[in-house]
Structure formats: structure tokens, C-alpha cells
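Chains as they are written, first to last, in our numbering: chain A, 31 to 1262; chain V, 5 to 147. Backbone N, C-alpha and C fix where the C-beta goes; we use that ideal spot for every residue, glycine too. In what follows, a single structure is set out as C-alpha cells and then discussed.
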Amino acid sequence: MGPTQIKPNPLVKWNLKLNRPNSCRCCSSYSSCEVTTDLQTEEESEIVKKKKKKKMEEYPEEYRTPPVSLVSLVGCAKHQAVISRHLLAEQPPINTLALPDLSNFLLLLAQKDSTKPPQASGILRRDWLIKHRTRIPSVVAALFSADQVSGDPTQWLQVCSDLDNLKAVLRPRNIKLVVVVIFQSSSKDDINEDRYLALRKRAEVDAKYLLNLIPNDDTELKQSLTRLGSTFAELASTYYREEGRRIKTRIEKKSYSSIDFNIRYCFKVAVFAEFRRDWGEALRSYEDAYHTVREMIGTSTRLPPVQRLVEIKTVAEQLHFKISTLLLHGGRVKEAVIWFNQHNASYRKLVGAPEVIFLHWEWMSRQFLVFAELLETSSASVPSISSLVSGTADGASTEWQFLPSYYYQLAAQYLKEKRLSLELTLSMSETANEIDSSAESVVPSVYVGQFVRLLEKGDAVQPLTDEEYTRFAIAEGKRYQDTFEIIALLKKSCESYGNLKSRRMGSYCGFRMAAEYFAVGDFSNAKQLFDEVASQYRQEGWVTLLWEVVGYLRECSRKSGSVKDFIEYSLEMAALPVLSGTDPQGFKECGPAGPPSLSQREIIHKEVFQLVSGEAGSASAEDNNDIKINADNPLHLEIDLVSPLRLVLLASVAFHEQIIKPGVYTSITLSLLSQLPLNVVIDQLEVQFNQSKCNFIIVNAQRPPLAAMTEDQEGYRVESAPSVTLATNKWLRLTYDIKSEQSGRFECISVIAKMGPHFTICCRAESPASMEDLPLWKFEERVETFPTKDPALAFSGQKATHVEEPDPLVDLNIGASGPALAGESFIVPVTVVSRGHDIYSGELKINIVDVRGGGLFSPRETDPSAIESHHVELLGVVGPEGEDESHLNSNEIKKIQQSFGLVSVPFLKNGDSWSCKLEIKWHRPKPVMLFVSLGYSPNSNESTAQKVNVHKSLQIEGKTAVEISHRFMLPFRREPLLLTRIKPAPESEKLPSLPSNETSLLIISARNCTEVPLQLLSMSVDNEDGDSERSCSVQHGGEDNLGPALLVPGEEFKKVFTIIPLVDSSKLNLGSVCLRWRRNDHSGSTITKTWVLTKHKLPEVELEASPLVVSLECPPYAILGEPFTYLVKIQNQTLLLQEIKFSLADAQSFVLSGSHSDTFFVLPKSQHTLSYKVVPLASGSQQLPKVTVTSVRYSAGFQASSTASTVFVFPSKPEFKTGDAGETRMQSIASE
Amino acid sequence: MIVCVAVVGHQNNPLYIQSFTEEDDALKLHHIVHCSLDVVDERVNNPKKSGPTLNETFLGLLYPTENYKVYGYLTNTKVKFILVTTDLDVRDADVRNFFRRFHAAYVDAVSNPFHVPGKKITSKTFAERVSTIVKSFGLSSAG
């Protein structure tokens, strides 16, 4: 029983304002005292009340909070509030006891003295501390208004008598006096000096303790309040120091009659030190007191032994609490822990008399609990536990001693101890009623830790005998529900461990909580907790601990009548790896399950199977009347891959082949393993597949056939096995043939074992190749065998196999020949010929895939807005000859995308054929892979029919059909000087330059680079920009239509255009060459007849005005011996005078007349002509004499090319026929 | 007196656990050993900063319960040895010495070619040897 609350003193009911730091908002207020005022709102205090009360808070509040100096204000009630508010806000705060009238005060102090006991009959008085905190001020301030002081003689006399009375009361107690005069206005002249002096003398105070207060003036008020505060603080400190010293002297002089007083004095000294916030001295004095109490144990004889020990322990507890609080709030956690350990060690053995031993355990529990709470509240202010722990590597303590959860856990443990001993005590006492009656009217006495009987007449009390006290304590003890307290403590500990991620400690607490719940019959809570704990133990393989927990769970489900849980837990227990090797003697406290042993497992096993088989004649039948399995309550268990019941039944299924043909038998091996301690006979096994047609049933031939099969089992194959008995840890292997008609994945889902008429276990099938070890058993030494006879199958066997499709009986041909040409629509014929299957609902899928992988996109053309986003595009699918797209039925699927097509194939009878043509266009030369697949069903029933697929693929190259090139030429024997050609600048190299105002020639050639002959329809140069005014005129002498021309592979076609620039711009856009062509094949297909247009963009050319033009003129041919004129004309097109040098080299074949070399000037915009008369001396193609012209201004020389300076010399005058086909002859010349 | 010794595998599963008490508290000792694994985890995950304990196999006092002291030892293969004793005043050197001998016995036991690593230790020789080591615990200091 905790220290009970002090009865409220009737005196406090007066109209006095008592300011206490009562809301224990923070117990850490020792370090930084943060006191809430008495002006605390109603709601706030409500919240405080609603908070879960801590054990620690059962201590009187004055013990839990640091004491605060108390001063008293007497008189002038209306100004007291201002002063007390100010004092409370001081640092450190000062509480005020505000009394409106002096008489109240006199009464308050006067009553005290009368109750003072003549002799010590206890160690600490229960109300001493609260008295000093709430009733005995350290300083009294007598408040007088200035009117009173300066008023008429009657008032003055009243003041004087009040002061005298006050002094009389204060002096024996050594309480300090302060006189405060309150002025109504700021002028202090209301009182004359004499009166002032008289007041001071009357009060017998120093001048500095006579203070003024001017409440009406803010600044003055503030000043005077500050002065008042500091004066009060100073005086209070003096008072407490003097009081402390006074009592200390008594200790030093050993002027006390008994050891009780020694303790009391130490305590008082400590409290006064606390008032002064001298924590060090307080701690020392508390420790002295504590040690003295410890010494008292053997020596004191004042009380009967039981009560004596109770008193000592209670006092020690309070002192210890004070010390711990001071240490913890000083941040000295390590010392506090050490102190606590000492406290614990010195009192643990003091159990006391056997009949009240429970009081000791309760006391111990409280020590741990309170210390845990203190640690918890102070842990916020302590930097971090780990930093503390690192300093304690001395091996004497560990980090766990700094955790509140550790103490909570032990508190729970001691409380459990208390409950046990209390139960024992109760069972030993004769009648409970007797105790109850005698326990009435026992109340706490005025001393801490003592109880007295309250006599009926008045306040008289009578000490108790030990016997009476024992009865009282037992009666008190009975009132508490320890179980819930224990659960609450463990829960706290568990949560706290959980926050620290200490799962195992948390589990242990959870387990103990659950055991408490179990003990009080709260099975649902117990089960939930036990389940959590069990999963922890399962995970780590702590079999013995798991045994205990599952044993509890089994009892829980038995008691709550849950058949399924009961069977599950029983089976799990029976299958746990508890071997006979463990010593059962050491495990007597194993809960309801009994000690873990093989025999116990066997008992549980038998119990379960008796229940399952319907023989309810077991011994436990009486208490588990709800646990029944019959036709009304069939039981079905599911075991999956993570279930703990995998130990009970493990089904491994292996197909002997990984791929099977439809309709062909293959072998399947079904292996079952159980770790139950005794043999299990299975009546019937049902094997379930994902193709339910294939499910089959294995019947145990030794058992009588079970009742009729359920409806959904009708039609299943039934196999009979000579024996289906599972021995412990021995695979039961059953091999059967099985076939599937349906292609695709064929998987064994589960195996359902039927044992007894109403009990089935559905066990998920596992593949031997990927089977996990049995949990728990994997740590045991046991014989491990393969689930299948063939070890290879055990390593590779799968519970699923793949059933192939039936072989297709259809030919699918892709008949493309040769490479495709870029630009044309390439036709790929596809033929479907049925060779044994009818084709129903056929579908042809066409896919075009880039050979090199990736899509048919090029990176820079991924922009979807680009028109030719696909280099190769499926344009369409054309049905068989004569069948147009429009003739296709609307319900037939036809879906064409750029690289994907889906076409439905009409029904085809066996032997029929169907063909279609794929039209594919290559935008770029690129090899692609064409995939064509036909999916169909061989029979008309679509819903069940199996699709058969045929795949074909063909790689098709894409090639460029024609290669177009071009060349620019100047007119024959006319050479304009282009300055950019003689001074090549880097950028001008890019564009070919042409002279402006001259006629240039453009030769375009197209080469067939395929392996097939092509037909050319036309070649033209189009201005694709569509400008209305062309920047140049591109003309061609002949007709555009070629007629068409045949171009064999490798052949080149040339066409000459003349270019006359029309505008005077520097750049000239020539447009592009358009070439229309097609394959010259004779396949007769209409599609190939369309002409393909290939465009070739011509580069831009630069136009340049030439300053000089040199032209050579001579006749087209010459005749031997006949002279002709050879002219060299130099035209100056600039406005400058041009100096020209020239020289002429002699030629062997000619005789010439004229100057060989000279320098002359050509005038602006004029022409200079050099004229030679030349006589040819030899016939044939002859070189004219070479002329070299040099422009001095441009330092450019010109020498005619050899072609330009060659002339053919006939031996005699030739005869030409006129009017031949020259006019119409094509200008195209086939190159050699 | 040593009341319990245990070998715990690296998956925190018990490999060998033996109690040496006359009382019926074997299960309680199992709980204590199991809970002490939390402390081992804590020590391993947050090693102390102080230098010499780096690479130290001896983990020291793990867990004070009211009546027992629990010491731990961690091998390089993450196998833990736990010792529970009722002696309140134990010398570190004794415990270290005990663990060293215990470790040697363990190494010999798992070196048996018929022992499968990771399984429980069922060797009788090991059990006998452990019981000898347990009996001789603390004697050297007394003598």
C-alpha cells in the first residue's frame, strides 16, 4: 500500500490564497524550476487528472517537487494579488500565503504549537514538509496603507498593536518580518519622517526592510516590486539557512533523545537546503538520514517488529526517492543507478515476518517501478544513454541497467511474487471475513509509515498490535487487482523494449503478460500475445520455448472451444523437434503443456488422432466438451509454404519429365513426409492439378472405403495404394502415370489428405528442386533422405511441367525473291496450305523487326511527327487474286500497323490453300526480318479448342535501286576566271561555284546498283520549292520522256542540262533530280507496274562574277595544209584596266603566224583578241599551240586544257551527209 | 556457480544449451539465454568506441537479472556462447578463461567430420567436456 494522501488541513479552507507549484507538470523542475501558477485554468487541471497516474505520483506531491520558499502577506488584501503574482514569476519563484487579516495569521501559527508531541513516537511526521511548504512562511510582510500609518491616533494605535501581535508570534519561530507601506499616490510626503521612524522602531526592523509600494504608478510599482522580491528572497534564504543551521547544530551536538530524531533532523536539514536550492547539501543530508535509517533496523524497539520494519522501509523509500530524484535531475544517472543497486541490495533480504512477506515484495516492486518512472522522466533531460554506458565498461553494470524497461520488468516480477505470497497468506488465514471486520477504522498515523486505530470517540487514536496490523495489511492487499497491475507493468516494459528493437526481451515480457491473461481466463488477449511470441520463437528455432508457448496456446483454444486451433496447435506440438535426449526434469514449470519430451509428444499425437477419428473416449473428453469433430463440424486444415504445420505434413510432387506431349502418359511422384512421433494412416489422398480433369484420388486399400465422394470429385480417376501410412521422418513415395490433353502449364496445386471421416488436411504441393528445409528440424541431426527414389529427380524435379502444343499440319510459305528496293512497294506472297488439319478461326500475324535489333526507327527520327518514321513499313495485305480488300467480311479481323499486321484467315478444309500478299515499303535500304505466324484451331469448337501455331520468318534485304550523281561543267573553250577557284577558302570549298551570266552545264548520271534490270521513265530537274520565279533556268535539249529506257544492272544513264542563272544572287538553288523508274520484270503483277519516284537533291551552287573570260575560237575541224584562224579572246568584264601577259608555245603539227609573247592592257568592259593564222602540218587529232594567259592583277594564269586545245585535222576536205537522224537522236550516251 | 551454458548459432538458433541446476528453472534459463541475444545484437551493432575491445570476442557482462549474471562471447563465425552464473562476484579473468576453454571444446566438436555445421551439437564428448569446464569454473581463482 502506498503512502496515502494527507488529509486536507481544515485551515487551508480559509480565504487564503495558497500558491503552490502543484501541477506536477514536470518533475524535472529540480533543475530548472518552472512553476505553474495558481491561476492555472480549469481545463489544464482536468488534463492533468486524466493523464494516467504514475505510481510515482502516489507519493505526496510535496515529496515529488522541489520546495519553494514561502512568504506571507498580511493585510491590505486588494494589493496582495499583484505582489504574489510578481513573486511567483521571480526566478526562483516564491510562493505567497496571502492573508487578508492579521487575526487569520495569528490563528494559523498559534494552532501549530499545541500539537507538538512531547516525545518522538515516529521517525518523520507526515505533515511536516507540507506544513513548511504551505503554512509556515519564512518571511511575513505586514502591509499597511499609508493612510493607516499617517492617519489619526486610533489608526496608528491599531497599526502598533498589530505589529506587536505579529512580533510576538514571529519571534519564537524566527520568522523574518518586513513592513510594507502602500501609498495611494506617488508622493511619499503623506507620511512624515517621524512617523516613519516610529513605524520602523515599533516593528524593530532594519531600514531596508521597511518598504514602500506604489500600486498606482506602473514604473514605481515595478521598481518597488523588484525591491520587494529581492528582499523577500534574501530574507527567505536567511530564514531557511538559519533554520537549517539550528537543526544541524542539534545533530552535531547529538542533543537528541533517540535515533529517530537524528533521522528527522537530517531530513529537515535536507529540506531546508532544498528550500535554498542547495542540492549538494540536501543530497548529503538525505544520504545521512538514509544511512541512519538503515542502522535502525536491528536496534529500534519502539514499535512491534512488523510495524517497525514497515515504518523503516517506508521512510527509507521516501529518502531513497528524494535521493534518486536529486541525482537523476542533476544528470547523475550512473550514480543514481549505483545508488539504486545499493538500496536494492541492502533491503532485498529484509523480508520480515512470514505472514506479511507480501508487504516486502510489494515494497520491492514499488522500488523498481518508481525508479523506472524516474528514469523514464529524466531520460529526456539526459543526453543519451549510450554515452553513459560507454563509460561503464567496468563489467559491473551493463547498458540495460539504464533502461526503464528493465526496472518495469523486475517490478512486475516482484509484484507477481507479492501476489503469490498474498495468496498463500490468505489461504492460511482462517476466515477472510474476520480480517475484514477488524481492518476497519485503521488510519495512517501522523508519522510516515505508521498506522493507528481510530477510536470512535473523537480524534483519539490507539496504537495497533502486530496482529492487528497484519490483518489490516492483508485486507488492504486483497483490495488490489495485482494481475492487471502486472500486465500493465509488463506492457510498459514490452513497449519500451520494442522501441529499443529488443525483440526477444519484448517477447519475454509479452509471454509473461500472456501468461497473466491466461491465468485470469482472458483467452483472447492471451492467445493474441502468445501467437506473436510463438512466431518469434519459431523464427529462431527455440524449440523448448516454443513448446511452452504453443502449450499455452493449445490450452487457450481448448478452453475457448476452438477446434481448429486446438488441432493445429496440438499437431504442431506433436511435430516439434523435442527429442528424448532433453532432460524433462528441469522443465517442471512448463505451463499446461507439460515438460517437453518425446513421450509428451506421443500423448498429444494420440489425443489428436482419437479426436479426429471420432473416438471421443479420451480422458480429456470431459473438459473439452466443445471440442468435437463430427459430420456437423468437419475440420479442414490448410498447410502452405510458411505454415508451422509443414512439420506435420509436407507434400513434394515431381513430374519425371519437364516437357510432355499432349495425350502421352508421364510419371509423377508424390512424396509425403511427416515429423509426427507416431505413424499416421491416411485414408485417402486427393491430388489436385491446375487442370482439374487430371485430378485423381489415391485410396488406402487397407481402410474400408469412405462414404460416397463429394460431387466435385465425381469422375476422378481413383487409384488404390496398398498402404498409405506415414512413418516419422520417412518419405512415403507414390508414383503414378498421368497425361494431359491440354497444352500449356500443367501444375500440381495441392494434395489433400483425408484422415478419419471428417478431417482433411490440404497441403500445398512443393517442388523437390526448390523445397526449403523443414523449419526447426533443420537444426536437428536427423536422417535426411530424398523425396524421390531417383536422387537426380530430387534435385531437379518440379511440381509443374509443360505440355506441348499438338504439331501443326499446315504449311506456311513466304515467297519473297531477292532483295527489296528502297522506295518501291515490295510484294511478299504468303501461302497457307492445309496438310491434314482443317483451319478454323485462323489468324495470320505479321511482324517486321529490325535485324540488328531495336525498332525500325533511327535515333534522329524518333520524333513521331516525322512522316517517314518507319524505315520499313507494312503498307497492306492483299488477299488472294481477285479478292479485293472491300470484299473482306466486316467481321474478319484485319489490322495493319506500321510494323505489325493481323489478318484473319478464312476457314480452310484439309488440302485447301489460301494466299495473300504483303505489301511492304522500304523507305531506307535496311535489312529486316519478317515474321509470319499462323494461329488456328484444328476443330470447330472454339471454346475448348487448342490453338496451334506455325511460325515462319524470312530476312529481306533492302537495297538502293539507283545511285544518282552529278557534275558541273563550263561551256567548251570558254573559261571565266573564278577568283574563288584560285584562292580556295575553307568555306567556299563546300559549294561548287558557277560563273554568273554564263551558261554552265550539269551532267546527271543514274547508275543501276541492283541485280535486276530497271526501266527508267523520266529524269528531270524540278524546283521543289515551287517558287514562282526561278532563280535559274535549267534546260535540257531532248525530250523528258525516255520511252522508257532499260537500264541493266551496273549500267549508268546520263543526261546533260544547261544552267543559266537568272538572278543576281550569290547562291543558286538548283532543285532536285526526279527519277521515275520501276523493275523490269515480267511477273505480270499489276502492283509492280507503278512507277517509283526517286528524288535526289542537288547541292546549292555559288554564283560568282568573273572579271576575265578567256575564250578560244577555232573551227570544229581543220584540213591538212589549209590555214585557219585561231583566236584567243580576253574579255575584261571589270571597270578596271587589266594587264595581261601571254605566251604561245610552238606546236610540231602546226605552223603559225603571230606574236609569241607580249604584255598588253585590256580596257574596262572591252575585249582583246589575239589572232593567229595556223596551218596544220599533220592529220589526225592534234594539239593546237598552247596559249598561256596571265592576269597580272589577279596573278592568275590560264592554260587551255588539252581537250579544249585539240582539233581534228582531216587529210582532205571531208564529205558530210546532211539531214540524218541527228536532230532526233537522243542526247543520252551510254558510257563505256 | 554456473547454472547454464549455451551455444547459439549465427541465425540465433540454439545449438547447445545445458543447465546445471537442481531446481526446476531450466526453462527460465532458456528465456534468459534467449533474451541475452538482444544484448549481443546491441553490442555487435553498436560496438563501443574504446579501442582495445575492437575484435574482442569476449562481450563481457550482458545482462544483469536479479539472481543471475549473463556473460557473452562471440566467435568469428558469429556463433555466440552464453554463460549464466549465480555468482555475484565474478572475476572477468575467470570468465574469459572459461570462454577460451569452452571455445576450444566447441571447435573440437564441430571439427568432427560427422557434424554438419549449423546443426545442434549432440556429441556426448562435448557435453562431458563442457561439464568438466563448468565444474572447474572459478576453482583456479580459489586455489
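- Excluding five sequence positions before and after Lys1171 of chain A, the CB atoms of its chain that fall closer than 6 Å to its own CB belong to Thr1189 and Thr1220, given in chain order.
- Separation of Phe1246 of chain A and Pro1146 of chain A (C-alpha to C-alpha, rounded to the nearest whole angstrom) is 14 Å.
- When secondary structure is reduced to three states using DSSP, Val323 of chain A falls in the helix class.
- Beyond the five residues adjoining it in sequence on each side, Val1239 of chain A comes within less than 8 Å, by CB distance, of Tyr1147, Ala1148, Ile1149, Leu1150, Ser1179, Pro1206, Ala1208, Ser1209, Gly1210, Ser1211 and Gln1212 in the same chain, given in chain order.
- Here the alpha carbon of Ala731 of chain A sits roughly 10 Å from the alpha carbon of Ile712 of chain A.
- Counting only the Cα atoms, Lys829 of chain A lies some 37 Å from Val83 of chain V.
- Ile791 of chain A is classed as buried because its beta carbon has at least 16 other beta carbons within 10 Å across all chains shown.
- Here the alpha carbon of Val340 of chain A sits roughly 27 Å from the alpha carbon of Ser435 of chain A.
- At a cut-off of 7 Å between beta-carbon atoms, Cys39 of chain V makes contact with chain A.
- Residue ranges of uninterrupted alpha helix (DSSP H) with 4 or more members, entirely inside the region 121-184 of chain A and ordered along the chain, are 132-144, 158-164 and 176-180.
- Assignment of beta-bridge partners to Ile517 of chain A by DSSP yields no partner.
- At a cut-off of 7 Å between C-beta atoms, Phe432 of chain A does not count as an interface residue with respect to chain V.
- Taking Pro167 of chain A as the centre and dropping the five residues before and after it, the same chain places the C-beta of Leu100, Val101, Ser102, Leu127 and Ile205 closer than 7 Å to its C-beta, in chain order.
- With fewer than three CB-CB distances shorter than 8 Å, the region 20-37 of chain V does not count as touching the region 560-570 of chain A.
- Counting along the chain, the unbroken beta strand (DSSP E) around Pro474 of chain A starts and ends at Val472 to Pro474.
- Here the alpha carbon of Phe398 of chain A sits roughly 18 Å from the alpha carbon of Leu450 of chain A.
- Scanning chain V for C-beta atoms nearer than 8 Å to the C-beta of Arg584 of chain A yields nothing, as the closest lies near 17 Å away.
- Positions of the beta strand (DSSP E) runs, each at least 3 residues long and wholly inside the region 1072-1142 of chain A, are given as 1082-1091, 1102-1109, 1122-1127 and 1131-1134 in order along the chain.
- Looking only at A:Pro798, A:Asn1053 and A:Phe998, the smallest Cα-Cα distance to Lys1084 of chain A is reached by A:Phe998.
- Rounded to the nearest angstrom, the gap between the Cα atoms of Val478 of chain A and Leu494 of chain A is 15 Å.
- Looking at the DSSP output, Arg794 of chain A shares a beta bridge with A:Ser780.
- Across the region 629-642 of chain A, no CB contact with chain V closer than 9 Å is found for any residue.
- Cβ neighbours of Leu1200 of chain A within its own chain (closer than 6 Å, five residues either side excluded): Val1158.
- C-alpha of Tyr89 of chain A to C-alpha of Ile86 of chain V: approximately 41 Å in a straight line.
- Assignment of Lys124 of chain V by DSSP, reduced to helix, strand and coil, places it in the coil class.
- In this model, Met603 of chain A and Ser587 of chain A are separated by some 14 Å (Cα to Cα).
- Three or more pairs of CB atoms, one per stretch, sit closer than 8 Å, so the region 527-538 of chain A contacts the region 37-45 of chain V.
- Within the model, the alpha-carbon separation for Asp112 of chain V versus Gly621 of chain A is close to 37 Å.
- Cys724 of chain A carries a helical assignment under DSSP once its states are collapsed to helix, strand and coil.
- Put simply, the CB of Tyr437 of chain A is far from chain V, with every gap to its CB atoms at 7 Å or more.
- Assignment of beta strand (DSSP E) within the region 83-125 of chain V, counting only whole runs of 3 or more residues, yields 84-89 in chain order.
- Nearest to Leu703 of chain A by alpha-carbon distance, out of A:Glu810, A:Val199, A:Thr815 and A:Ile633, is A:Thr815.
- In the DSSP assignment, Phe1190 of chain A falls within the beta strand (DSSP E) that extends over Ser1187 to Val1192.
- For Arg542 of chain A, the CB contacts under 6 Å within the same chain, skipping 5 residues up- and downstream, are Leu520 in chain order.
- With a threshold of 16 other beta carbon atoms within 10 Å, Arg378 of chain A falls short and is exposed.
- Excluding the 5 residues flanking it on each side, His901 of chain A has same chain C-beta neighbours closer than 6 Å at Leu886, His953, Arg954 and Lys956, in chain order.
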